[in-house]
Amino acid sequence: MWKRFCQLKIVRFFASLKLAVCTILALVLLMVWGTFTESYYSTEYAQRQVYLSPLFIGVEVFLFLNILFAALVRLPFKKRLTGFYIIHLGLLTILIGAAVTAVYGIDGSIRLIPNDKTSALIIKEPVFYAFYQPHGHLASMEFSEKLPRTVKPYANPSKPWTHILDYDVYLEKFIPFASPKFSWRDLPDGQSSLVVDLHLKNAMADQNISLSTLNPDQMTQKLGPLTLKLMPDVTVECLKKAIVRNAAYLYVQEGECLYISSEDEQPHAHTTGLAHTQLISVRDIQEAPHVVFLAGQKIGFGKGQDWQFQTTGPGLSAELPWMGFELGVEQWIENKYRHTEWFGNPPRGNESQRHSAALVTLKHRYKPKDAQTFWVDDTQVKSVATLSGFNFEFMVGNRLITLPFDLELARFKMDTNPGTTDPASYESFVTIKDDESAETTAHIYMNHPLKKAKYTFYQASYFVLDDGQTFGSVLSVNHDPGRWIKYAGSLLLVAGIVIHFSLRSFYKRKKFYEAEFSQGGLHPARAGVSWSHG
Amino acid sequence: MADRVLAEDGVCPAELESLPVLGQGRVKPLRVHAKEMLRFISGSSRLKGLQAVQLYCELSLSQLFSGETSPPKPNLPVSHKKTQEYLGLKDGQKEIPFEEARLKLQDMRAYAAVLEARDGKDPFFKDLRQVIARVEAVESILRGHDWKFPVVLNPDQINPHEPAAVDPVNYEIRWLSVSDLPVIFPDEFEQPAELVTAIATAGQKYAHMISNAHHVELLYDKISPFDWAMAAVLITLALSVIFKNRRVFWVWIGVGAVLLLEITGVVFRVMISGRGPVTNMYETVMWVGLGGLVFAAALALFRKEWLYLKLGLALNLCTLFMMRFANGMLDPAIQPLVPVLRDNFWLSTHVTCVTISYAAFALGWMIANFYLVKSAVRGMQPAETRRFGMLCYDCIKIGVVLLAAGVILGGVWADYSWGRFWGWDPKETWALVALLCYMVILHGRYAGWITPRRFMPVTAFAFLSVIMAWFGVNYILATGLHSYGFSEGGAFFIAGVTGLQLLILVFYFVGGKSRGGFKTRP
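Taken in order, these protein sequences are the chains called L and P.
Sequential numbering of the first sequence, starting at 1294, is according to our numbering.
Sequential numbering of the second sequence, starting at 2, is according to our numbering.
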């Protein structure tokens, strides 16, 4: 029965040494390709391109079957093959452990900012998110759908990918490694805007800045002590007068200036989107060390009572009186908005400069005219407000797992080697909050991870917050149910190799003597037997 | 000669070399620090006949006591073509005088920032950054910032000049730089000699309270056991070649001396660094030489095969040559460890395990190449081919066991430190590639496809996977392939070894007396 099984063609194929050599060689080639891909592109790119690819997993499955059948056909048990059995059993166990880890394991990270509770575990798998507010609900609903973790752009515009409420979602294109391409498009009639691209540089620094009235957040930019503000044309004259009048606030609307002398009479900030309307604190402008001020095609800079104004425009530049800064205007664009498209651009060792972006169409199932196509990317949340009155927001991001407890970074400590600024150790002091009442603390540092629930938290790295001083900590979070299987397999493997070689030399020596005494000579084709030691 | 004034006056006497200094994050003797700094700055540890300590000392004092001395300033090496062009060097000129480079420092910094923003792995950027670092290092020495010497004070004591009686238990070590002294004592030091004396006094007085490692390191640097080991290997190898297989006793004495010297070197490095010597490329090369010779000696004893000894010595000589002459690639300096590598049992174990497995493979590789050359030159009898096969197979067996264990221990280490057993990291992947290459050979040999005659070239070729895992990951993959060609010494070394190996293989298959032998069975 067993013999007949072993004689089966398929069994003999999978048990063959030829297949073993071919599979191992294939694995070697793929691994070499993987390491070179990683060096040329990036770690995540190589993971997706090679190690997570169906081809690679297929070869691993082949290897598993190969090892399994190679051992099976050599049953029933023969004493001289003890090492061989143990080696192959060990290898199978390791591969099973690896599969368990791949399927049930969790390998993510958590970013901790001082005094900020978080329970979000980040897993490096791209996910499409939608947030919306159904009729009659106050709470916003969240919808998420996994995106393919591939290298190449993925497109499937013909079939609905998923659906949200009554909308079918078409994934027109998904670009895992994308760069933006900007173009200018006209605003609808009656709307106005101004976008100014600036270039600020001196001997030490060199930076591009963009100011825009399209987004209230982009009307002011702070660069260290320097503040850049975009203002309507009349502001220049108004500001001069306001300083003379000693007004506290300046309120500019539709070419008119309004001066408010007292701090108490502060009017409500009035930002109506696209109009050149702004409230300016004159005190701020006077007290801030360096305020640069672009109004119409004029640039003003100064501090306190001391102000200068110059005409400026595309291609012109002004020398600022601080630290040798030169401010050049690169583009001056009126009544247009910046349209972003994404194109595939594999990372060349600069993965952090790449984004993932998806071109998505939402189409109402019963009202096909109610449809929109737009880009969603991982740089910001995209609002789409015009779908049947629904407030939709979309983004592409990483998969998140919510931990059953909160973590808070109490303190982050970095030691340096004496007399240098090279970091010697990173340490995180973390507070763990199970619920309102329970609170424990932990000290996580190199080789001293925190074990909590099924997760283990390791000190991985750190980052600097926008203020340039505060440190945040990155912990890598791990759950590996396959760990002990892999360890058991490893032990079997090493023990097996040792037994194998010692047994083989014992048996070979025996055979060698038998061969010598029987004068049979050595047959070269049975190489394993013929190379024995006397 | 004006620039020798200080030395002749004895301002910077040779005895200064034993003083403890703080540099690159650890305490070491001035002799070692001065050598390391000068080697970093100029590529050589002496200049115009001046010893490192003297030159370093003179440079440190030259701005504080300007006018009294003007020691020679080093030239800074510039290795990349584009950097040479950028700095306006003439064709073939590979170094720039310090003064000239200093004038361009601001420009270089700004340009390096632009280059880095474009591509942080660009070798041109890296080389430019290196030139900047060299200029900054010289500046730091000239300003007297670099030489940091210890004073021991009672806690809260500010003035180091009144250490009437330092509390022997409760004291504090502070590191002052040479430039601090004239600031603390404005009118104290009028002559450079006075300042040097003050530093020397402080150093000698407090040395015992700081560490003993720097005494050990001074001794290590003076003895330089690996240089003596090289002499011993050369003599022993010569003896073994001259005597052929006679007077083996003397060869054994030589091998014993080499092992003793190298083990002394290893022990020194352990005592100095306080950790296992397994953390940089220099030390892995050291282990491979030592491990290869130990395996060779053991196998020679066990198998009564003296060829092992000769080839073990040859391998050892290769590694010693690399340690001595390839300092662009292998940095002999002992450096503090990065956090992830500190205090880690699994780290030391798995690196040692993998490294000595490479030693076994390297010994096998020597045997294989010896066979290839020999058989190409004068042909081989089948029996001889079988004998060489056996010798080589023994090495591979040892290597496979150790490498398998090492790869697994590496997984255990990664799991312990990062929480993942395997992550397709290039170093671990390439160690597995090397293991699998040898597994292919073992399986092919078992199946009979790899006959004794084919075994040798295949084994020699397989060692290239070890070279890649050992050096290539660091010198080719880690530098980033997208950069424009490989400019660093390590890449040239790898290309050299690979080219030589391929040449030998071509010679064996095409040129030598083994022509046609590939097809005939022995």
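Backbone N, C-alpha and C define an ideal beta-carbon position, used for all residues, glycine too.
Given the structure is predicted, the values throughout are model-derived calculations rather than measurements.
- Within 7 Å of the CB of Lys-1779 of chain L, the CB atoms of chain P belong to Phe-422, in sequence order along the chain.
- With fewer than 16 other Cβ atoms from the protein chains shown falling within 10 Å of its own Cβ, Gly-93 of chain P counts as exposed.
- Of the residues P:Glu-218, P:Gly-411, P:Leu-88 and P:Phe-126, the one whose Cα lies closest to the Cα of Ser-274 of chain P is P:Glu-218.
- Taking CB atoms only, Pro-1742 of chain L has a neighbour in chain P less than 9 Å away.
- At a cut-off of 3 residues, the continuous stretches assigned as beta strand (DSSP E) that sit fully inside the region 1429 to 1481 of chain L are 1434 to 1439, 1447 to 1449, 1455 to 1457 and 1460 to 1479.
- DSSP places Asp-147 of chain P in no beta strand (DSSP E); its state is neither H nor E.
- For Ile-451 of chain P, the three-state secondary structure derived from DSSP is coil.
- In this structure, Gly-292 of chain P lies near Tyr-359 of chain P, with their beta-carbon atoms less than 9 Å apart.
- Beta-bridge partners of Arg-1631 of chain L (DSSP): L:Trp-1477.
- With three or more CB-CB distances shorter than 8 Å, the region 1778 to 1787 of chain L counts as touching the region 1387 to 1398 of chain L.
- In this model, Ile-1303 of chain L and Asp-128 of chain P are separated by some 58 Å (Cα to Cα).
- Residue pairing by DSSP places Val-1770 of chain L opposite L:Gly-1401 and L:Phe-1750 in a beta bridge.
- For the 9 Å CB-CB criterion, Pro-1697 of chain L and Ala-1746 of chain L form a contact.
- Counting every other CB atom within 10 Å of its CB across the protein chains shown gives His-1632 of chain L a total below 16, marking it as exposed.
- Shown here for Asp-1671 of chain L: same chain residues with a beta carbon closer than 6 Å to its own, the five before and five after excluded, namely His-1648, Ser-1649, Val-1689 and Gly-1690 in chain order.
- The way I'd put it, the region 1474 to 1494 of chain L does touch the region 1611 to 1631 of chain L; three or more beta-carbon pairs between them come closer than 8 Å.
- Each residue's CA atom was taken as its position, placing Phe-1421 of chain L and Ser-1437 of chain L some 5 Å apart.
- The C-beta distance from His-351 of chain P to Leu-302 of chain P rounds to 28 Å, too long to fall under 8 Å, and the pair is not in contact.
- Of the candidates L:Phe-1750, L:Ser-1754, L:Asp-1728 and L:Phe-1470, the residue whose Cα lies closest to the Cα of His-1736 of chain L is L:Phe-1750.
- In this structure the region 1294 to 1309 of chain L does not touch the region 405 to 423 of chain P; the number of beta carbon pairs closer than 8 Å is below three.
- About 11 Å separates the beta carbons of Trp-307 of chain P and Val-256 of chain P, which is beyond the 8 Å limit, so they are not a contact pair.
- Not one beta carbon of chain P lies nearer than 9 Å to the beta carbon of Phe-1756 of chain L.
- A distance below 6 Å between beta-carbons, with the five flanking residues on each side excluded, links Ala-134 of chain P to no residue of its chain.
- Judged by pairs of C-beta atoms under 8 Å, the region 255 to 270 of chain P touches the region 210 to 227 of chain P, as three or more such pairs exist.
- Residue range 226 to 244 is occupied by the alpha helix (DSSP H) that includes Trp-229 of chain P.
- Sequence-distant Cβ neighbours of His-81 of chain P in its own chain, meaning closer than 7 Å and more than five residues away, are Pro-124, Phe-125, Asp-128 and Ser-488.
- Taking 4 residues as the shortest admissible run, the region 1368 to 1425 of chain L contains the following complete alpha helix (DSSP H) segments, listed from N- to C-terminal end: 1375 to 1397.
- In chain P, no part has a C-beta under 7 Å from the C-beta of Gln-1514 of chain L; the shortest such distance is about 19 Å.
- The count of Cβ pairs closer than 8 Å, one atom from the region 57 to 73 of chain P and one from the region 177 to 191 of chain P, reaches three, so the stretches are in contact.
- At a C-beta separation below 9 Å, Gly-1327 of chain L has these neighbours in chain P: Trp-425, Pro-427 and Thr-430.
- Against Thr-1604 of chain L, chain P offers no close residue; the least beta-carbon distance is about 29 Å (beta-carbon pairs closer than 9 Å).
- In this structure, the beta-carbon distance from Pro-1446 of chain L to Phe-1467 of chain L falls below 9 Å.
- Judged by DSSP in its simplified three-state form, Lys-49 of chain P adopts coil rather than helix or strand.
- In this structure, Lys-375 of chain P places its C-beta atom within 9 Å of the C-beta atom of Met-381 of chain P.
- Sequence-distant Cβ neighbours of Lys-105 of chain P in its own chain, meaning closer than 8 Å and more than five residues away, are Leu-88.
- Per DSSP, the continuous alpha helix (DSSP H) segment holding Lys-82 of chain P begins and ends at 82 to 87.
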